[in-house]
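Asker: Those sequence lines, one after another, are chains S and B. Residues 3 to 321 in my numbering are what the first sequence spells out, letter by letter. Residues 12 to 94 in my numbering are what the second sequence spells out, letter by letter.
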Amino acid sequence: MFYPIQLLADWLTYTVFRIAPKTLLGGAVNFFIFDTIKIFILLFVIIFAVSIIRSYLPPEKIRAILSRKNKYVGNVLASLLGIITPFCSCSAIPLFLGFVQAGVPLGTTFSFLIASPMINEVALVLLLGLFGWKIALIYIISGLIIAIVSGIVIGHLKVENLVESFVYENSINGNMDLPSMTRKERIAYALDYTKDILKKVWPYILIGIGLGAWIHGYLPADFLAQYAGSGKWYAVPLAVLIGIPLYSNAAGVIPLVSALTEKGVSMGTTLAFMMSVTALSLPEFMILKKVMKLKLIFIFAGIVAVGIIFTGYLFNFIL
Amino acid sequence: MGTVKIEVIGSGCKKCKALFELTEVVVKELNINDIVLYSNDINKIVSMGIMSSPVLTLNDKPILVGILPDKERLKEIIFKNLE
Chain S
3 MFYPIQLLAD WLTYTVFRIA PKTLLGGAVN FFIFDTIKIF ILLFVIIFAV SIIRSYLPPE
63 KIRAILSRKN KYVGNVLASL LGIITPFCSC SAIPLFLGFV QAGVPLGTTF SFLIASPMIN
123 EVALVLLLGL FGWKIALIYI ISGLIIAIVS GIVIGHLKVE NLVESFVYEN SINGNMDLPS
183 MTRKERIAYA LDYTKDILKK VWPYILIGIG LGAWIHGYLP ADFLAQYAGS GKWYAVPLAV
243 LIGIPLYSNA AGVIPLVSAL TEKGVSMGTT LAFMMSVTAL SLPEFMILKK VMKLKLIFIF
303 AGIVAVGIIF TGYLFNFIL
Chain B
12 MGTVKIEVIG SGCKKCKALF ELTEVVVKEL NINDIVLYSN DINKIVSMGI MSSPVLTLND
72 KPILVGILPD KERLKEIIFK NLE
């Protein structure tokens with residue numbers, strides 16, 4: 003599928019820049035050009051497509067769906083709908099308040115809060131482009147399971163008392179009618195959204211792919227196996243810990259990690275790391291402090307972290 | 012043109028501030044108002060039934076939700092809603 007891009011990358015590297023093939027520099031430059039073009043094409047196409055779908059299913063409509071569902075169905079639906087919803091920590095509070103005040107159960111709300119940032123379109127493009135569809139699929143399915151199970155567990159813990167009391171003082175009608183959009187407006191919205199995201203992530207992606215290309219070309223294979231191979235028990239929890247403060251750089255982290263995988267970091271550890279980067283976000287926790295007690299944030303982060311660590315060990319074992 | 016109330020409501024994130032600054036510029040260029048209000052009152056967003064931030068309102072009606080458009084698009088959106 004990406005063969006024409008490879009031809010273009012070869013032509014640019016070896017003919018235009020006149021770098022000798024089969025050298026370290028040639029390999030790194032070729033890798034950088036190929037990956038950059040491929041990722042940006044994928045980003046544009048997929049973000050645009052997801053934005054069009056989303057224009058039919060804005061969070062307000064999702065809330066109306068979720069407020070009518072029973073517990074378990076709600077957790078599954080919330081996690082699935084979380085996939086197409088973008089998640090910017092800007093929206094964490096309005097989402098949380100909007101869901102809870104319209105009567106969506108707390109556990110369902112958490113399923114959504116977990117799935118939405120973890121399974122986002124930028125991460126999916128990077129996984130698909132750099133790791134292939136199998137790993138992307140494993141990531142989506144494990145992410146969904148973590149979101150569903152964590153939401154159900156939080157729902158059973160009966161932690162409503164750990165939500166700040168003002169949250170429950172208001173209740174709103176979740177069935178508002180949004181003005182419907184014409185097809186032209188949907189396309190304009192999707193283009194705006196795609197540009198908005200690309201503008202935000204392109205430097206991180208370039209830096210990530212650049213460092214990745216350097217690693218690809220210059221570090222010996224298996225360089226990291228002795229530190230982070232599947233035999234090292236501490237690799238998974240350590241990866242999760244390192245991932246927590248990196249959320250805003252998720253776009254740059256994934257290309258970097260894909261190169262590290264080639265050099266001996268095992269797949270389960272890589273998956274756990276990426277999930278931690280996207281799902282456990284320090285800035286989001288700090289923002290959520292406005293609406294819930296610290297204890298609930300720890301419970302939430304703890305359950306998700308356990309899920310991610312389990313996934314990491316599982317795939318280190320299987321793959 | 013009568014007075015219009017233009018307000019950016021956000022959770023205080025980077026994107027919200029960027030939208031506020033861009034709106035100020037656009038409003039000045041369109042010559043429709045002197046001030047753009049900026050609010051961090053999330054309850055205002057939620058009580059409008061909206062769940063994304065930032066929100067741009069014109070006379071308390073939301074006209075832009077959750078995205079930071081470029082300058083030309085923002086002009087277009089404000090202009091369209093003034094009519």
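Ideal placement from N, C-alpha and C gives every residue a C-beta, glycine not left out.
#1: Hey, does lysine 186/S have any beta-carbon neighbour from chain B nearer than 8 Å?
#2: Mind listing the chain B neighbours of arginine 20/S? Cutoff is C-beta to C-beta under 9 Å, in chain order.
#3: Does glutamine 103/S have its Cβ less than 8 Å from a Cβ in chain D?
#4: Does the Cβ of phenylalanine 90/B have 16 or more other Cβ atoms within 10 Å, making it buried, or fewer, making it exposed?
#5: Leaving out five residues on either side along the sequence, give the residues of the same chain with a beta carbon under 7 Å from the beta carbon of valine 155/S.
#6: Mark asparagine 51/B as exposed unless 16 or more other C-beta atoms lie within 10 angstroms of its C-beta, in which case mark it buried.
#7: Going along the stretch 26-41 of chain B in order, which residues come within less than 8 Å of chain S, judged by CB to CB distance?
#8: In chain order, what residues of the same chain have a beta carbon less than 8 Å from the beta carbon of tyrosine 220/S, not counting five sequence neighbours either side?
#9: Would threonine 313/S be called buried (16 or more neighbouring beta carbons within 10 Å of its own) or exposed?
#10: Output the boundary residues of the beta strand (DSSP E) element that contains leucine 26/S.
#11: How far does the beta strand (DSSP E) with serine 152/S in it extend, from its first residue to its last?
#12: Measuring CA to CA, which of Thr38/S, Leu290/S, Trp13/S and Glu264/S is closest to alanine 223/S?
#13: What residues in its chain sit with their C-beta under 6 Å from that of phenylalanine 287/S, if we drop five residues either side in the sequence?
#14: What are the start and end residues of the alpha helix (DSSP H) that includes valine 15/B?
#15: State the CB to CB distance for the pair threonine 111/S and valine 124/S, rounded to an integer number of angstroms; the pair is presumed to be in contact (CB under 8 Å).
#16: Need the endpoints of the alpha helix (DSSP H) that threonine 280/S sits in, please.
#17: Tyrosine 206/S by DSSP, collapsed to three states: which one?
#18: Could you tell me which residues DSSP puts in a beta bridge with methionine 294/S?
#19: Roughly how many whole angstroms lie between the Cα atoms of leucine 59/S and glycine 60/B?
#20: Look up lysine 72/B in the DSSP assignment and give the residues it is bridged to.
#21: At a CB-CB cut-off below 7 Å, which residues of chain B make contact with leucine 99/S?
#22: Please list, in chain order, all residues of the same chain as isoleucine 199/S whose beta carbon is under 6 Å from its beta carbon, the five residues on each side excluded.
#23: Consider the Cβ of isoleucine 78/B: report whether some Cβ of chain S lies at a distance smaller than 8 Å.
#24: Can you give me, in chain order, the residues of the stretch 193-206 of chain S that have a beta carbon less than 9 Å from any beta carbon in chain B?
#25: Classify serine 232/S as helix, strand or coil using the three-state DSSP reduction.
#26: Is the CB of isoleucine 85/S under 8 Å away from at least one CB in chain B?
#27: Does any residue of chain B have a CB that is nearer than 8 Å to the CB of proline 119/S?
#28: Short check: CB of valine 15/B to CB of asparagine 54/B, under 8 Å?
#29: How would you label glutamate 62/S, buried or exposed, when you count the other beta carbons within 10 angstroms and need 16 or more for buried?
#30: Among Val19/B, Lys25/B and Glu87/B, whose alpha-carbon lies nearest the alpha-carbon of isoleucine 289/S?
#31: So what does DSSP say about leucine 48/B, is it helix, strand or coil?
#32: Applying the 10 Å Cβ sphere with the 16-neighbour rule, what's the burial state of histidine 218/S?
#33: Let me see if you follow: with CB-CB separation under 8 Å, is glutamate 286/S close to chain B or not?
#34: Between which two residues does the alpha helix (DSSP H) harbouring glutamate 35/B extend?
#35: Find the residues of chain S that neighbour aspartate 81/B, judging by a C-beta separation of less than 9 Å, and give them in chain order.
#36: Below 8 Å, how does it come out for the stretch 151-168 of chain S and the stretch 106-122 of chain S: are there three or more Cβ pairs, yes or no?
Answerer: Here's the rundown:
#1: no
#2: Under the 9 Å cutoff, chain B gives no residues; its nearest Cβ is about 38 Å from arginine 20/S.
#3: Any reference to chain D falls outside this structure, whose protein chains are S and B.
#4: exposed
#5: Ile305
#6: exposed
#7: Lys26 and Cys27
#8: Leu26 and Ala30
#9: buried
#10: From DSSP, leucine 26/S is part of no beta strand (DSSP E) but of the alpha helix (DSSP H) over 26-58.
#11: Segment 135-158 is the alpha helix (DSSP H) holding serine 152/S; no beta strand (DSSP E) there.
#12: Glu264/S
#13: Ile299
#14: Counting along the chain, valine 15/B falls outside any alpha helix (DSSP H), and DSSP gives it neither H nor E.
#15: The pair is not a contact, with the Cβ atoms about 23 Å apart (cut-off 8 Å).
#16: 269-281
#17: helix
#18: Val165/S
#19: 15 Å
#20: Leu69/B
#21: Ile53 and Val57
#22: Ile49
#23: yes
#24: Leu193, Asp194, Tyr195, Lys197, Asp198, Lys201 and Lys202
#25: coil
#26: no
#27: no
#28: no
#29: buried
#30: Lys25/B
#31: strand
#32: buried
#33: no
#34: 25-41
#35: Asp194, Lys197, Asp198 and Lys201
#36: yes
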